[in-house]
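Numbering-wise, full-length UniProt numbering puts 86 at position 86 of the sequence shown, and it's gapless, one number per residue.
Glycine included, C-beta positions come from ideal geometry on N, C-alpha and C.
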Amino acid sequence: LARLSCAFKTENQTRQVVCDLGNPMKAGTQLVAGLRFSVHQQSEMDTSVKFDLQIQGSNLFDKVSPVVSYKVDLAVLAAVEIRGVSSPDHIFLPIPNWEYKENPETEEDVGPVVQHIYELRNNGPSSFSKAMLNLQWPYKYNNNTLLYILHYDIDGPMNCTSDMEINPLRIKVSSLQTTEKNDSVAGQGDRSHVVMKRDLALGEGDVHTLGCGIAQCLRIVCQVGRLDRGKSAILYVKSLLWTET
Numbered sequence: 001l002a003r004l005s006c007a008f009k010t011e012n013q014t015r016q017v018v019c020d021l022g023n024p025m026k027a028g029t030q031l032v033a034g035l036r037f038s039v040h041q042q043s044e045m046d047t048s049v050k051f052d053l054q055i056q057g058s059n060l061f062d063k064v065s066p067v068v069s070y071k072v073d074l075a076v077l078a079a080v081e082i083r084g085v086s087s088p089d090h091i092f093l094p095i096p097n098w099e100y101k102e103n104p105e106t107e108e109d110v111g112p113v114v115q116h117i118y119e120l121r122n123n124g125p126s127s128f129s130k131a132m133l134n135l136q137w138p139y140k141y142n143n144n145t146l147l148y149i150l151h152y153d154i155d156g157p158m159n160c161t162s163d164m165e166i167n168p169l170r171i172k173v174s175s176l177q178t179t180e181k182n183d184s185v186a187g188q189g190d191r192s193h194v195v196m197k198r199d200l201a202l203g204e205g206d207v208h209t210l211g212c213g214i215a216q217c218l219r220i221v222c223q224v225g226r227l228d229r230g231k232s233a234i235l236y237v238k239s240l241l242w243t244e245t
């Protein structure tokens, strides 16, 4: 590729890149050059970008060549990943000194706090303007409450709704958060876990996964707005493990 001297200018809202091809440019000369562009502020309706190329000479005759148009198709490539963490990641039952209350009013009356953090991250290279995060949450098992959601929060360009009422019993939410909201999912994922004797005694045959095929689930649907490369949208869900169940 030839190395060209180019200048960028704007005339009447038309952006131009003007490159010097050499003066004089001898007859029979051929140049191969490349220009690299970045595309900004494109809408979802834009599927291509058109470039108009024209050569202007200093001759007295035929100073301007015909315009040649070149169309480049656009493609949005965005590697999106979802990461999640639970705090705590283990709860051992029975809970010491816990007593059942028929009409619970506080978190302590129900059971231990379980907070989940879900991070949707755009690793690029492109930005995107629309996505959906669909969370199915096991809230009942055998018609008994399982994971009771107190509330959920969001951080980033995202709006969430649920198909069921959140905290219908009006359980008082403690001001002391088990997990700080600004904790990152990546930071939580590096936690070490101390192996206890009870862990070693738990075989694979003793594990029961209460997914939505067994438990009753509610849905939290989040509409994600524009997310640039390297940016995240985070959903925080604070719940209580219903100890009586």
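Q: Decide if N122 is buried, meaning its Cβ has at least 16 other Cβ atoms within 10 Å, or exposed.
A: It counts as buried.
Q | Reference Y139, options G213, N103 and Q223, closest by Cα | A | Ranking G213, N103 and Q223 by Cα distance to Y139 puts G213 first.
Q) Helix, strand or coil: how does DSSP classify V173 here? A) Coil at V173, not helix or strand.
Q: With DSSP as the reference, label E81 as helix, strand or coil.
A: Strand at E81.
Q: Using beta-carbon positions only, say whether D153 and L218 come within less than 8 Å of one another.
A: The answer is no: Cβ separation not under 8 Å.
(Q) Starting from V110, trace the alpha helix (DSSP H) in both directions and tell me its first and last residue. (A) It spans E107 to V110 - the alpha helix (DSSP H) in which V110 sits, taken as one unbroken run.
Q: With DSSP collapsed to three states, give me the class of T14.
A: Here DSSP, grouped into helix, strand and coil, assigns T14 to strand.
Q. Helix, strand or coil for N134 per DSSP?
A. Correct three-state label for N134: strand.
Q) Between the C-alpha atoms of L169 and L240, what's the straight-line distance to the nearest angstrom? A) The straight-line gap from Cα to Cα measures roughly 12 Å.
Q) So what's D73 in DSSP terms, helix, strand or just coil? A) Three-state DSSP puts D73 in a strand.
(Q) According to DSSP, simplified to helix, strand and coil, what is I117? (A) The answer is strand: DSSP assigns I117 an E or B state.
Q.
For Y152, report the span of its beta strand (DSSP E) as first-last.
A. Residues L147 to D155.
Q. Closest to D46 by CA distance: which of Q115, A75, N159 and L53 is it?
A. Here the closest residue by C-alpha is A75.
Q.
Pop quiz: V224 and A233 are said to be a contact at Cβ under 8 Å. What is the actual Cβ separation, rounded to whole angstroms?
A. With a Cβ gap of about 5 Å, V224 and A233 count as contacting.
Q: Can you tell me the Cβ-Cβ gap for W98 and T243, rounded? I've got them flagged as a contact below 8 Å.
A: Contact check for W98 and T243: beta-carbon distance about 6 Å, within the 8 Å limit, so the pair qualifies.
Q. When you compare only the Cα positions, how much space is there between S126 and S38?
A. Each residue's alpha carbon lies about 11 Å from the other.
Q. Does the Cβ-Cβ distance between Y141 and V110 come in under 8 Å?
A. No; because the gap between Cβ atoms is not below 8 Å, this pair is not in contact.
Q: State the DSSP-derived secondary structure class of D20, mapped to helix, strand or coil.
A: DSSP places D20 in strand when its eight states are reduced to three.
Q. Measuring CB to CB, does I171 end up less than 8 Å from L146?
A. Cβ distance not < 8 Å, so I171 and L146 don't count as in contact.
**Q.** Closest Cα partner of G124 within the set V18, L227, N12 and L235
**A.** Comparing Cα-Cα distances from G124 to each of V18, L227, N12 and L235, the minimum goes to L227.
Q: State the beta-bridge partners of C222 as determined by DSSP.
A: Per the DSSP secondary-structure output, C222 pairs in a beta bridge with L133 and C160.
Q: Name the two residues that bound the continuous beta strand (DSSP E) containing S48.
A: From DSSP, the beta strand (DSSP E) with S48 extends over S48 to L53.
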